[in-house]
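Below is one structure; the comments refer to it alone.
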Amino acid sequence: KLSVDLFQAFHPGKELTPEQIQDVHDKLLTRLDEREGDHDGTISFEEFLPWYTQSAEKHWKMLHGVLHPSQMEGGDSEVSTPLDAPTMRAAAPPPP
Numbered sequence: 003k004l005s006v007d008l009f010q011a012f013h014p015g016k017e018l019t020p021e022q023i024q025d026v027h028d029k030l031l032t033r034l035d036e037r038e039g040d041h042d043g044t045i046s047f048e049e050f051l052p053w054y055t056q057s058a059e060k061h062w063k064m065l066h067g068v069l070h071p072s073q074m075e076g077g078d079s080e081v082s083t084p085l086d087a088p089t090m091r092a093a094a095p096p097p098p
């Protein structure tokens, strides 16, 4: 459920196949538990929160024109970006 919810938060309206759901799940587990976590095969709140906070901040900045989508790739892109940053688009700036 977490994999689907996170993917759809960054890709509204896009449906996932079972294979895509498994792929998103595997990416999250690798990023959050295997690389930065305790390697127990689950994602705890303590493992999830730092990644989510950083991803949400970058996503907000991108949507509000503070961060260009190409800057989403900073650092270790597999850890610091949401699930599929290149497909995300910045919102148009408000009219003057």
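This note's numbering puts the first residue of the sequence shown at 3, with every later residue one more than the last. Glycine included, every Cβ here is placed at the ideal spot set by N, Cα and C.
Cα-Cα separation between residue i and residue j, rounded to whole angstroms
{"i": "GLY77", "j": "HIS66", "result": "Interpretation of GLY77 is limited by its pLDDT of 41, a score under 50 that renders its predicted location unreliable; the figure taken from the coordinates is listed afterwards. Looking at the two C-alpha atoms, the distance is approximately 21 Å."}
{"i": "PRO20", "j": "PHE12", "result": "18 Å"}
{"i": "SER33", "j": "MET64", "result": "The sequence given here has Arg at residue 33, not Ser. Between ARG33 and MET64, the C-alpha separation is close to 22 Å."}
{"i": "ALA40", "j": "HIS61", "result": "According to the sequence displayed, residue 40 carries Asp and not Ala. Using only the alpha carbons, I get a separation of about 27 Å."}
{"i": "GLU75", "j": "TYR54", "result": "Because the pLDDT of GLU75 is 49, which lies under 50, any placement of that residue in the model is unreliable, and the question is left without a value."}
Run of the alpha helix (DSSP H) containing residue i, from where it starts to where it stops
{"i": "THR55", "result": "47 to 65"}
Residue i and residue j closer than 8 Å at C-beta
{"i": "VAL26", "j": "PHE47", "result": "no"}
{"i": "GLU49", "j": "GLU38", "result": "yes"}
Nearest neighbour of residue i, chosen from the options [CA to CA]
{"i": "LYS3", "options": "VAL68, HIS61 and ILE45", "result": "ILE45"}
{"i": "PRO52", "options": "HIS41, GLY15, ASP42 and ASP35", "result": "ASP35"}
{"i": "LEU30", "options": "PRO14, ASP7 and GLY15", "result": "ASP7"}
Minimum Cβ-Cβ distance from residue i to chain B less than 8 Å
{"i": "GLN22", "result": "Protein chains in the displayed structure number just one, and chain B is not present."}
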